[in-house]
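Protein chains in written order, with this note's numbering: chain A, 511 to 849; chain B, 511 to 849. All C-beta atoms in this analysis are idealised placements derived from N, C-alpha and C, irrespective of residue type, glycine included.
Protein chains: 2
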Amino acid sequence: MKIALDAMGGDFAPREIVLGAVRAARKTKSELAIVLVGDEKKIREELKSEKGWENLPISIHHAGEVISMNEHPAEAIRQKKDASVVVATRLVKDGECDAVLSAGSTGAAVTAAQLILKRIKGVSRPAIATPMPTPMGVTLLLDSGANVDSKPEHLLQSALMGSIYAEHVLGKNNPRVGLLNIGEEETKGNEQAKETYQLLKQISTINFVGNAEGRDIPKGNFDVVVCDGFVGNVVLKFAEGMAVTFFELIREAIMNGGVFAKMGALLLRPTLRKLGKRLDVDEYGGAPLLGVNGCCIISHGSSNAKSIENAIKAAGDYVHRDVLAHIQNALVKGGDVAE
Amino acid sequence: MKIALDAMGGDFAPREIVLGAVRAARKTKSELAIVLVGDEKKIREELKSEKGWENLPISIHHAGEVISMNEHPAEAIRQKKDASVVVATRLVKDGECDAVLSAGSTGAAVTAAQLILKRIKGVSRPAIATPMPTPMGVTLLLDSGANVDSKPEHLLQSALMGSIYAEHVLGKNNPRVGLLNIGEEETKGNEQAKETYQLLKQISTINFVGNAEGRDIPKGNFDVVVCDGFVGNVVLKFAEGMAVTFFELIREAIMNGGVFAKMGALLLRPTLRKLGKRLDVDEYGGAPLLGVNGCCIISHGSSNAKSIENAIKAAGDYVHRDVLAHIQNALVKGGDVAE
Numbered sequence: 511m512k513i514a515l516d517a518m519g520g521d522f523a524p525r526e527i528v529l530g531a532v533r534a535a536r537k538t539k540s541e542l543a544i545v546l547v548g549d550e551k552k553i554r555e556e557l558k559s560e561k562g563w564e565n566l567p568i569s570i571h572h573a574g575e576v577i578s579m580n581e582h583p584a585e586a587i588r589q590k591k592d593a594s595v596v597v598a599t600r601l602v603k604d605g606e607c608d609a610v611l612s613a614g615s616t617g618a619a620v621t622a623a624q625l626i627l628k629r630i631k632g633v634s635r636p637a638i639a640t641p642m643p644t645p646m647g648v649t650l651l652l653d654s655g656a657n658v659d660s661k662p663e664h665l666l667q668s669a670l671m672g673s674i675y676a677e678h679v680l681g682k683n684n685p686r687v688g689l690l691n692i693g694e695e696e697t698k699g700n701e702q703a704k705e706t707y708q709l710l711k712q713i714s715t716i717n718f719v720g721n722a723e724g725r726d727i728p729k730g731n732f733d734v735v736v737c738d739g740f741v742g743n744v745v746l747k748f749a750e751g752m753a754v755t756f757f758e759l760i761r762e763a764i765m766n767g768g769v770f771a772k773m774g775a776l777l778l779r780p781t782l783r784k785l786g787k788r789l790d791v792d793e794y795g796g797a798p799l800l801g802v803n804g805c806c807i808i809s810h811g812s813s814n815a816k817s818i819e820n821a822i823k824a825a826g827d828y829v830h831r832d833v834l835a836h837i838q839n840a841l842v843k844g845g846d847v848a849e
Numbered sequence: 511m512k513i514a515l516d517a518m519g520g521d522f523a524p525r526e527i528v529l530g531a532v533r534a535a536r537k538t539k540s541e542l543a544i545v546l547v548g549d550e551k552k553i554r555e556e557l558k559s560e561k562g563w564e565n566l567p568i569s570i571h572h573a574g575e576v577i578s579m580n581e582h583p584a585e586a587i588r589q590k591k592d593a594s595v596v597v598a599t600r601l602v603k604d605g606e607c608d609a610v611l612s613a614g615s616t617g618a619a620v621t622a623a624q625l626i627l628k629r630i631k632g633v634s635r636p637a638i639a640t641p642m643p644t645p646m647g648v649t650l651l652l653d654s655g656a657n658v659d660s661k662p663e664h665l666l667q668s669a670l671m672g673s674i675y676a677e678h679v680l681g682k683n684n685p686r687v688g689l690l691n692i693g694e695e696e697t698k699g700n701e702q703a704k705e706t707y708q709l710l711k712q713i714s715t716i717n718f719v720g721n722a723e724g725r726d727i728p729k730g731n732f733d734v735v736v737c738d739g740f741v742g743n744v745v746l747k748f749a750e751g752m753a754v755t756f757f758e759l760i761r762e763a764i765m766n767g768g769v770f771a772k773m774g775a776l777l778l779r780p781t782l783r784k785l786g787k788r789l790d791v792d793e794y795g796g797a798p799l800l801g802v803n804g805c806c807i808i809s810h811g812s813s814n815a816k817s818i819e820n821a822i823k824a825a826g827d828y829v830h831r832d833v834l835a836h837i838q839n840a841l842v843k844g845g846d847v848a849e
């Protein structure tokens with residue numbers, strides 16, 4: 511198994527990306543190979559400090575351009591044929607790699623996957639499925655930003671794809687699928703949610719439990735929560751901001767809290783660390799773009815080596831568990847019901 | 511100033527509602543009077559334990575019916591003319607009270623206000639404006655659930671009303687208004703957001719700073735964040751769920767953390783308490799329904815006495831600072847630009 515890793519994408523690229531690749535390669539050894547895609551000189555520079563990397567299953571595939579966060583995705587992809595994310599995606603298309611992984615511009619990664627890998631037959635719109643940490647494990651939130659103004663059929667497809675991913679990769683048995691809404695009753699919500707509810711109700715291949723409210727996500731009351739990419743993206747970023755703010759406030763409160771508070775914090779540190787690890791998004795690293803013909807994993811822009819390592823693991827699981835084939839099969843059936 | 515308080519609305523009604531009223535009355539003394547609206551017998555029962563309440567500016571206005579959380583708001587309001595929230599709202603309409611406050615069904619309170627108080631001229635849709643705690647004070651999120659599938663003009667009106675409330679009640683000078691979106695650039699987002707951006711750009715009476723992303727809300731980067739009621743409601747409930755989960759996890763981690771963790775927690779307790787208080791939604795109690803002809807304050811269903819006390823304070827501020835007149839003036843101007 512070979513993973514094409516966009517070495518130039520992300521706030522801390524190429525440093526943290528390369529580091530994550532090395533760590534993953536050291537652990538998995540011969541099970542998977544990593545192709546670092548990007549500026550060869552810069553990548554080599556980073557690899558220098560990783561002693562013995564030559565013996566790891568890591569190779570470099572040069573790509574001379576980079577798409578930055580601020581560029582318009584579709585335009586950038588058309589103009590920069592040699593951009594790292596484009597080249598990495600093409601490696602999957604050409605059968606040289608099994609998965610592409612990028613922490614760069616999400617829009618660029620999604621657009622590249624759509625244009626190069628194309629959509630799975632029966633899928634009108636791919637969706638980013640983000641695993642969110644909860645006390646009950648993870649809840650898969652999708653779509654978390656690939657598309658906005660989605661139609662009910664698109665959300666139905668997301669539900670099918672999310673359920674498959676939750677079952678085969680996240681190990682959820684008969685995953686509980688919820689529709690993100692503003693009330694429990696099926697008559698609640700906007701037009702999109704009300705119509706989607708009616709579609710989901712009719713699908714027998716997934717375990718649709720009903721509407722999920724905002725609070726059900728952090729509480730882990732569902733395995734899969736389906737929503738429009740606009741709402742999902744807002745929620746995802748809100749969660750990130752709230753977690754960061756919370757830990758900052760605790761730190762600040764301790765600093766201003768006098769000697770007892772500081773002693774207490776010292777004693778509590780291992781406990782809080784463990785908790786932080788449990789809630790750390792980096793532990794869950796990658797979010798698959800479900801619905802394209804190939805494995806495309808998206809990591810958040812601020813990915814560090816640990817996120818990348820975990821995202822590589824997610825890519826491996828996706829390929830290993832044959833998620834693509836499962837989705838292809840299901841969508842043919844699912845499409846029938848929806849039409 | 512007189513406040514009509516729906517004594518029967520909320521998970522802990524009438525107990526906590528009555529208690530909140532008594533506390534508020536004890537503090538404010540003669541500045542404001544509270545009319546407890548609901549089942550007189552039950553209210554008297556609760557008041558019994560509050561020694562000397564007869565000397566407080568509290569009175570009872572009997573209402574024989576209650577609208578529960580699960581009833582369809584519009585139907586319930588039509589059928590139950592004697593429901594506490596309906597009677598309380600009518601007291602404002604009739605000029606007997608200056609504000610209505612309910613912790614019962616949000617839908618019922620909003621519908622009652624729309625039907626009885628009517629909308630302000632120039633406002634097509636009222637919006638619930640919820641103050642959310644951040645390290646920088648509060649951020650006003652609106653609409654947090656009065657309406658869904660809003661048009662850009664509605665969001666523009668929300669921006670105008672929210673800005674006025676933030677300035678006059680929350681004490682924000684030239685409040686920074688943001689449009690909730692999935693990216694900073696004005697070309698980002700769904701159709702609703704893109705069109706709203708263009709409208710907001712043209713308004714000179716508010717300080718429109720640009721798009722706000724999900725993470726900007728908990729970080730407190732804006733004073734007012736405008737969005738569709740569907741998105742706002744999801745975000746609000748997500749925040750509630752995340753805060754509850756977080757504190758539960760900390761408690762659980764401490765319980766399982768051995769003797770050092772417990773000692774640390776003991777030493778840190780005053781610091782964490784202070785922090786909890788700073789982030790506690792109950793401290794900010796009430797969310798005004800902006801855009802109706804009268805002051806209508808909505809409290810969350812799980813309101814305790816403290817929330818009610820703070821919501822009464824919010825109602826007092828709303829009336830005292832003449833929010834209604836400010837909105838009426840602004841909307842005449844704002845309406846011109848929008849059309």
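> Nearest CA to the CA of B/K823: which residue from B/V532, B/T755, B/T706, B/L690?
Replying inline: When C-alpha distances from B/K823 are compared across B/V532, B/T755, B/T706, B/L690, the shortest belongs to B/V532.
> Under a three-way DSSP split, which group does A/P645 fall into?
Replying inline: Coil at A/P645, not helix or strand.
> What is the DSSP secondary structure of A/G632, reduced to helix, strand or coil?
Replying inline: The three-state secondary structure of A/G632, taken from DSSP, is coil.
> Quick one: is A/G520 buried, meaning 16 or more other Cβ sit within 10 Å of its Cβ, or exposed?
Replying inline: A/G520 is buried by the Cβ-count criterion.
> Anyone know if the C-beta pair for A/R831 and A/V633 falls short of 9 Å?
Replying inline: Taking 9 Å as the cut-off, the beta carbon of A/R831 is found no closer than this to the beta carbon of A/V633.
>> Checking the sheet assignment: what are the DSSP bridge partners for A/S809?
In response: Bridge partners of A/S809: A/G796.
>> I'd like to know whether the C-beta of A/G845 is nearer than 9 Å to at least one C-beta of chain B.
In response: Bear in mind that a pLDDT of 47 at A/G845, under 50, signals an unreliable position, so the model cannot answer this.
> Can you find a CB in chain A that lies within less than 9 Å of the CB of B/M671?
Replying inline: Output row for B/M671: interface = no.
> Alpha carbon to alpha carbon, what distance is there between A/K698 and A/G845?
Replying inline: Only weak support is given to the placement of A/G845: the predicted model assigns it a pLDDT of 47, under 50, and the question is left unresolved by the model.
> Beta-carbon separation of A/M518 and A/V547 under 9 Å?
Replying inline: Yes; because the gap between Cβ atoms is below 9 Å, this pair is in contact.
>> Give me, in chain order, the residues of the same chain whose beta-carbon lies closer than 6 Å to that of B/G574; leave out the 5 immediate sequence neighbours on both sides.
In response: Within the same chain, B/G574 has close Cβ partners D592.
> What do you reckon, are the CB atoms on B/N659 and B/D733 nearer than 9 Å?
Replying inline: Just to set this straight, residue 659 of chain B is Asp in the shown sequence, not Asn. Taking 9 Å as the Cβ cut-off, B/D659 and B/D733 do not qualify as a contacting pair.
> Can you check whether the CB of B/N691 is closer than 9 Å to the CB of B/E663?
Replying inline: Note that the C-beta distance between B/E663 and B/N691 is not below 9 Å.
>> Are the CB atoms of A/I716 and A/A639 within a distance shorter than 9 Å?
In response: Going by C-beta atoms, A/A639 is not nearer than 9 Å to A/I716.
>> Does the contact criterion of 3 or more C-beta pairs under 8 Å hold for the segment 577-592 of chain B versus the segment 553-562 of chain B?
In response: Touching, no, given that fewer than three Cβ pairs across the two stretches are closer than 8 Å.
>> Using the Cβ count rule (16 or more neighbours within 10 Å means buried), how would you classify B/M642?
In response: Burial call: buried.
> Quick one, which of B/H571, B/E550, B/K552, B/D549 has its alpha-carbon nearest B/A543's?
Replying inline: Distances from the alpha-carbon of B/A543 to those of B/H571, B/E550, B/K552, B/D549 put B/H571 closest.
>> Taking the alpha carbon of A/S615 as the reference point, which residue from A/M579, A/T599, A/V596, A/A609 has its own alpha carbon closest?
In response: The residue among A/M579, A/T599, A/V596, A/A609 with its C-alpha nearest the C-alpha of A/S615 is A/M579.
>> Alpha carbons only, please: which of A/R629, A/S540, A/L800, A/A523 is nearest the one belonging to A/I674?
In response: Here the closest residue by C-alpha is A/L800.
>> Going by DSSP, what residue range makes up the alpha helix (DSSP H) through A/V528?
In response: Counting along the chain, the alpha helix (DSSP H) containing A/V528 begins and ends at 525-538.
> Between the segment 795-813 of chain A and chain B, which residues of the former have a C-beta closer than 9 Å to a C-beta of the latter?
Replying inline: Here the close residues number zero.
> Between which two residues does the beta strand (DSSP E) harbouring B/H664 extend?
Replying inline: Premise fails: B/H664 lies in the alpha helix (DSSP H), 662-678, not in any beta strand (DSSP E).
> Based on Cα-Cα distance, which residue from A/R536, A/L601, A/E819 lies nearest to A/N565?
Replying inline: From the listed residues A/R536, A/L601, A/E819, the smallest Cα separation to A/N565 is found for A/R536.
> B/G845 by DSSP, collapsed to three states: which one?
Replying inline: For B/G845, the predicted model reports a pLDDT of 47, less than 50, meaning its position is unreliable; a value from the coordinates is still stated below. Correct three-state label for B/G845: helix.
> Looking at the C-beta of B/E723, does it have a partner C-beta in chain A at a distance below 9 Å?
Replying inline: Cβ-Cβ to chain A under 9 Å: yes for B/E723.
> In chain B, what lies closer than 7 Å to A/T649 by C-beta?
Replying inline: Neighbours of A/T649 on chain B: none; closest Cβ ~11 Å, over 7 Å.
> How many Å lie between B/P645 and A/L746 at the Cα?
Replying inline: Per the coordinates, the alpha-carbon of B/P645 lies some 20 Å from the alpha-carbon of A/L746.
>> Quick check: the Cα distance between B/F770 and B/F756, rounded to an integer number of angstroms?
In response: Straight through space, the alpha carbons of B/F756 and B/F770 are spaced by roughly 21 Å.
> Going along the chain, which residues of the segment 568-597 of chain B sit with their C-beta nearer than 9 Å to a C-beta in chain A?
Replying inline: Answer set for the segment 568-597 of chain B: N580, H582.
> Helix, strand or coil for B/E575 per DSSP?
Replying inline: Here DSSP, grouped into helix, strand and coil, assigns B/E575 to strand.
>> Quick check on B/N766: buried or exposed, where buried means 16 or more other Cβ atoms within 10 Å of its Cβ?
In response: It counts as exposed.
> Which residues in the same chain as A/A848 place their Cβ atom closer than 7 Å to its Cβ, once the five residues preceding and following it in sequence are excluded?
Replying inline: Low confidence applies to A/A848: its pLDDT is 41, below 50, so where it sits in the model is not reliable enough to give any reading.
>> If contact is defined by three or more beta carbon pairs under 8 Å, each pair taking one atom from either stretch, is the segment 781-789 of chain B in contact with the segment 808-816 of chain B?
In response: Output reads no: the segment 781-789 of chain B does not touch the segment 808-816 of chain B.
>> Please state the DSSP three-state secondary structure of A/A656.
In response: In the structure shown, A/A656 sits in coil (DSSP, three-state: anything other than H, G, I, E or B).
> Is the CB-CB distance between A/G751 and A/L652 below 9 Å?
Replying inline: No.
>> Just to make sure I have the definition right: I need the residues of chain A whose C-beta is within less than 7 Å of the C-beta of B/P728. Which are they?
In response: Around B/P728, the beta-carbon contacts reaching into chain A at under 7 Å are F748, G751, M752, T755.
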